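Reviewing the structure listed below.
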Amino acid sequence: MTKQTTEHRTVGQSLFHESAHLHVTGRATYTDDIPERNGTLHAAMGLSAKAHAKIKSMDLSAVKNAPGVVAVITLDDVPGDKYLGPFLHDEPVFADGETLYVGQPMFAVAATSHDLARRAAKLAKVEYEDLPAILTAQQGAEEKAYVLPPVHIARGDVEDKLATAPHRHDGDFYVGGQEQFYLEGQIAYALPGEDMDMHVYCSTQHPSEMQFMVAHALGQPVHGIKVECRRMGGGFGGKETQSWYFATVAAILARHTGKPVKLRADRDDDMMITGKRHDFRALFDVGYDDNGRILGVKFQYQLRCGFSADLSGPVGDRQIFHTDNAYYLDTFDILSIRAKTNTQSNTAFRGFGGPQGIIAIEYVIDDIARKLGKDPLEVRKANFYGKTERNVTPYQMTVEDNVIHELVGQLEESSEYQKRRAEIDAFNATSPVLKKGLSLVPVKFGISFTATQFNQAGALLHIYTDGSVLINHGGTEMGQGLNTKVAQVVAEELGVDFARVRVSATDTSKVPNTSATAASTGTDLNGKAAQDAAVKIKTVLAEFAATKYGCAADEVKFRDNQVICGDKASVPFDEFVRVAYTGRVPLWSSGFYRTPKIHYDFATLTGRPFFYFVYGAACSEVIVDTLTGENRITRSDILYDAGSSINPAIDIGQIEGGFIQGAGWLTTEELWWNKDGKLMTHAPSTYKIPAVSDCPPVLNVKLFENSNGEESIYRSKALGEPPLPLGMAVFLAIRDAIASLGEGRVAPPLNAPATAEAILNTIEIVQAEARAKQLEKVTA
Amino acid sequence: MVKFTINGKAHSFDGDLAMPLLWYLRDELAMTGTKYGCGMALCGACTVHLDGQSVRSCVTPVSAADGKKITTIEGVDAERIGRAVQAAWRKLQVVQCGYCQSGQIMTATALLAANKNPSDADIDAAMSGNICRCATYVRIRAAIHEAARSLA
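Protein chains in written order, with my numbering: chain S, 1 to 780; chain W, 1001 to 1152.
As structure tokens, then:
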């Protein structure tokens, strides 16, 4: 798994993850592994038991008197802002007179041990008076309960296109949410320091946001708060904003008691408190021609946002922006409803609404193919964006880097799609119980934060006089290999071995005002900022070398651990930096990057929100037992456009993992709330993420030969999110297997996740419909 | 009072014997390589060996370890199989976030001790209780085969 390029020494190579030697020996430090300072208290939160209720009384005396309890705090004890939130400040730190969902924090306890804190938190006596609750997105949409106003985007006369299209149908479907299920749960450890300082170790994708929220909650300036994160045991979007409960409550208790306070959520509490991927209901109406080309399409999305806005606005926007996926939509009308519900506040999850947009259009395209009796792949191709025409997105951005035709063509060949399609049809014709299904699906994914201002990053690069290099940047490491890639960039720029470069923990006192490590932009932004810092240092060093050794500054090269000054001198890097230090040359620099070209108007939802697009496609085959609904993925092939990959081994790992995680979202991962609005799937006992036994025996992942047309960091393209929606190939293959029961002409009304239960229910409907059609034929 | 060895070193404990072994390791001994994931023996992040058998330390009381040999991720490299598994894990670049990987390595090591040449089905059966949200499973399978080859 190595890729050699002639011009680059470290970039493009499958170097090991910078922490690999620590990971495999248990020595990689996560937040809970930091040695605790003497006197550390442990916190737990008391959670509400009602979806929407007035808190008539809350008696905490038993909590306060429980063994080991040092402090109990409620909303009244929050010294600063009592309401927080990333966009709207609509989230109370603790319940404010009423509960807004089951699991909402109402108070917090600090005790001498984790166990005692948790036991005490169960002793509250709360009297509730039930209020009407909204428990589904559909109910929220019907009652016009919104966390943010609906967003609407349209082009052309869609009613006319629908009315005059040769074919038209409408329908609705539901796609479930997804729990992030980072294996390392939410955690923060707050250490009060001198003069109102507060140092918070937090497992978070967004140290700056945590810093700001802690400062707001404590009512003090940001400069006294330091948030640090060495690494996370997974984030997946769940630690973008929602680590705030833990960071702020730990800090408030630390301020309140004057002691260090650790708040590590129990798994069940974590799942009860924090939001998930937005589940949604989609209603659609589509008109198309005989080839299945869409002439006009209407969508209404009803997103379950939960009790607060959190990131639901940009998530909903990104769903709209990915409703085109790889297809040109000439005439469309998309309405996005951000329903307010009395459930957890749904938030970021790898893809951030993108997968929800992509699955919606793919569902509709799959339907069109069934109605026309065509292979869905044919209908997909008929709708692909063109290269020079039919290439403007619904948000008025021209697609300039389209490779979807070639990419899908190559995957169709390498996966032997057509041959296997014929084999599967033959198999299904003779197999009464087991049915196979196949699906090949493209993905186009826009890269950049839609909010333009977040597309900036900083870095701080130090060279020490022994020639070792330390890079700090604003991104966070959550397993995606960001630190490895940034170190590769720095090593490449300085012409030194990878081993000389160390990446420090993310620290708000080193690089300020950082963006979340999110939107797949980690390497694009922070890699560029680190490169900028390296280039700045090199510029100064080259001038110094020119004076010292008598060459021209532009002749100075940094390569192979040497500083080469034309034909005048070649000095080992470490020796050179010692000489430069003696010559009083600064050996450190900041770096900065802002993504060029992008702009976006929130009022009209138009502009160029994305710097470029990532393309990919997946082909999956499944086998379904039609008597039980059980199913297996038997093979998957993936082709992915990573541009000029900085680290192919890391990138392929991201693709494999993202694909399987996406398949989990749409198959086994079911979030289920009871009639009182209580999430009942709040542990791995009831919430099923993929295990090794759920992975296909054959998973072929290849990188598409390409380079980024835009000047991204070493012309690479983003990973992170775009692999996740590839998992829909599994869902659509299951749908394909079910469709075989209706001779391929019935569009199975399969909702996601396609659990065995959902599959079985759909099979019964399809079989009944097929029987009815058969009867029609006979009686005709 | 219970007595056992951890990674070859003798220990005794006369505190709360109902304490899960995980907390004894992490809180009493500051051996933080073994991770808390779910606390219900459902995720595998806390896997250690008790006399060579994989157990979930989050639900194993300290009393259950009395007189036994405990091996954790910090000591798994004392044995040839453990070293081979760690080496394969690095060679095939299995790890993403790393949080579940102590448990994965412990379960894989116990598997290879019992079965020198496991098939994919054997791996799936032995490893399906160790969940990985990064879904590094394809490489976990490959790395177990790689370790088996290197030990042959």
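Every residue, glycine too, gets a C-beta built ideally from N, C-alpha and C.
Predicted model only: the values in this text are computed from it and were never measured.
Does the beta carbon of Ile564 of chain S come closer than 7 Å to any beta carbon on chain W?
-> Residue contact with chain W for Ile564 of chain S: absent (no Cβ-Cβ distance below 7 Å to any residue of chain W).
Burial state of Glu184 of chain S, where buried means 16 or more other Cβ atoms lie within 10 Å | So Glu184 of chain S ends up on the buried side.
Verify the CB distance criterion: does Tyr1024 of chain W have a CB-CB separation below 7 Å to chain S?
-> For Tyr1024 of chain W, the closest Cβ of chain S is not nearer than 7 Å.
From S:Lys538, S:Cys565 and S:Lys557, residue whose alpha carbon lies closest to that of Gly550 of chain S | Restricting attention to S:Lys538, S:Cys565 and S:Lys557, the CA atom closest to the CA of Gly550 of chain S is found in S:Cys565.
For Tyr640 of chain S: DSSP bridge partner residues | Its beta-bridge partners are S:Gly616 and S:Leu703.
Pull up the CB-CB distance for Gln531 of chain S and Ile713 of chain S, whole angstroms please, since I reckon it's below 8 Å.
-> At roughly 6 Å, the Cβ-Cβ gap stays under 8 Å, so Gln531 of chain S and Ile713 of chain S are in contact.
Between the segment 19-43 of chain S and chain W, which residues of the former have CB atoms less than 8 Å from a CB of the latter, in chain order?
-> Under the 8 Å Cβ criterion, the segment 19-43 of chain S contributes Ser19, Ala20, His21, Leu22, His23, Val24, Thr25, Gly26, Arg27, Ala28, Thr29, Tyr30, Asp32, Asp33 and Pro35.
Is Trp244 of chain S buried or exposed, if buried means 16 or more other CB atoms sit within 10 Å of its CB?
-> Within a 10 Å sphere around the beta-carbon of Trp244 of chain S sit 16 or more other beta-carbons, which makes this residue buried.
Residues in the segment 1107-1130 of chain W having any Cβ partner in chain S nearer than 8 Å | Of all residues in the segment 1107-1130 of chain W, the ones placed with a Cβ closer than 8 Å to any Cβ belonging to chain S are Asp1120, Ile1123, Asp1124, Ala1125, Met1127, Ser1128, Gly1129 and Asn1130, in chain order.
With DSSP collapsed to three states, give me the class of Met1040 of chain W.
-> Reduced to three states, the DSSP call for Met1040 of chain W is coil.
Would you identify the three-state DSSP class for Tyr385 of chain S, choosing helix, strand or coil?
-> Tyr385 of chain S: coil per DSSP, three-state reduction.
Under a CB-based cut-off of 7 Å, is Ala1143 of chain W close to chain S?
-> Not one chain S Cβ lies under 7 Å of Ala1143 of chain W.
Beta-bridge pairing of Thr1005 of chain W - partner residues as DSSP gives them = Partner residues in the beta bridge of Thr1005 of chain W, as assigned by DSSP, are W:Ala1010 and W:Lys1069.
Can you give, in chain order, each stretch of the alpha helix (DSSP H) that sits fully within the segment 133-211 of chain S and has at least 4 residues?
-> 137-142 and 158-164, all fully within the segment 133-211 of chain S.
Under 6 Å from any heavy atom of the ligand PLP, does the C-beta of Cys1134 of chain W make it?
-> Within the structure as shown, the ligand PLP is missing, as the structure has no ligands at all.
One or two residues paired with Tyr301 of chain S in a DSSP bridge | Answer is S:Ala282 and S:Ser336.
What does Ile1073 of chain W reach in chain S if we use C-beta pairs closer than 7 Å?
-> Close to Ile1073 of chain W, with beta-carbon spacing below 7 Å, are these residues of chain S in chain order: Thr25 and Gly26.
Sort S:Arg500, S:Ala518 and S:Gln396 by Cα distance to Gln480 of chain S and report the nearest one.
-> Sorting S:Arg500, S:Ala518 and S:Gln396 by C-alpha distance to the C-alpha of Gln480 of chain S places S:Ala518 at the top.
For Ile1006 of chain W, which residues in chain S fall below 9 Å Cβ to Cβ?
-> At a beta-carbon threshold of 9 Å, none of the residues of chain S lie near Ile1006 of chain W; the nearest stands roughly 13 Å away.
Counting contacts by CB-CB distance shorter than 7 Å, is Thr1032 of chain W in contact with chain S?
-> It does; some Cβ of chain S falls within 7 Å.
Partner residues on chain W for Gln790 of chain S, Cβ-Cβ distance less than 7 Å = No statement about residue 790 of chain S is possible, as the shown extent of chain S runs from 1 to 780 and does not include it.
Name the residue from W:Asn1007, W:Val1085, W:Cys1134 and W:Met1040 whose alpha carbon lies nearest to the alpha carbon of Thr1060 of chain W.
-> Of W:Asn1007, W:Val1085, W:Cys1134 and W:Met1040, the residue nearest in Cα terms is W:Met1040.
Alpha helix (DSSP H) segment containing Met1106 of chain W, residue limits = Per DSSP, the continuous alpha helix (DSSP H) segment holding Met1106 of chain W begins and ends at Gln1101 to Ala1114.
Evaluate the contact criterion for the segment 375-389 of chain S versus the segment 272-287 of chain S: three or more CB pairs, one atom per stretch, below 8 Å.
-> In short, these stretches do not touch, since the Cβ pair count stays below three.
For a contact meaning CB atoms closer than 7 Å, what does Gly657 of chain S contact in chain W?
-> Gln1096, Cys1134, Ala1135 and Thr1136, listed in chain order.
When burial is assigned at 16 or more other CB atoms within 10 Å of the CB, is Pro596 of chain S buried or exposed?
-> So Pro596 of chain S counts as exposed.
How many angstroms separate the CA atom of Trp672 of chain S from the CA atom of His462 of chain S?
-> Roughly 50 Å separates the two Cα atoms.
Pairwise C-alpha distance: Phe307 of chain S and Asp1014 of chain W = Cα to Cα, the separation comes out at about 48 Å.
Test item: CB-CB of Gly351 of chain S and Leu724 of chain S under 7 Å | Their beta carbons are under 7 Å apart, which means Gly351 of chain S touches Leu724 of chain S by this criterion.
Rounded to a whole number of angstroms, what is the C-alpha to C-alpha distance between Thr341 of chain S and Leu311 of chain S?
-> When only Cα atoms are considered, Thr341 of chain S and Leu311 of chain S end up about 15 Å apart.
Whose CA, out of S:Val126, S:Thr31 and S:Glu493, lies closest to the CA of Ala62 of chain S?
-> The residue from S:Val126, S:Thr31 and S:Glu493 with its alpha-carbon nearest to that of Ala62 of chain S is S:Val126.
Mark Lys122 of chain S as exposed unless 16 or more other C-beta atoms lie within 10 angstroms of its C-beta, in which case mark it buried.
-> Of the residues assessed, Lys122 of chain S falls on the exposed side of the cut-off, its CB having fewer than 16 other CB atoms within 10 angstroms.
Establish whether the CB of Val11 of chain S and some CB of chain W are separated by less than 7 Å.
-> For Val11 of chain S, the answer is no, since every Cβ of chain W falls outside 7 Å of its Cβ.
Cys1058 of chain W CB to nearest chain S CB: under 7 Å?
-> Answer no: the Cβ-Cβ gap between Cys1058 of chain W and chain S never drops below 7 Å.
Could you list which residues in chain S have their beta carbon closer than 8 Å to that of Asp1077 of chain W, in chain order?
-> Chain S residues near Asp1077 of chain W: Thr25.
Determine which residues of the segment 227-259 of chain S have a Cβ less than 9 Å from any Cβ of chain W, and write them out in chain order.
-> Cβ contacts with chain W come from Arg231, Met232, Gly233, Gly234, Gly235 and Phe236.
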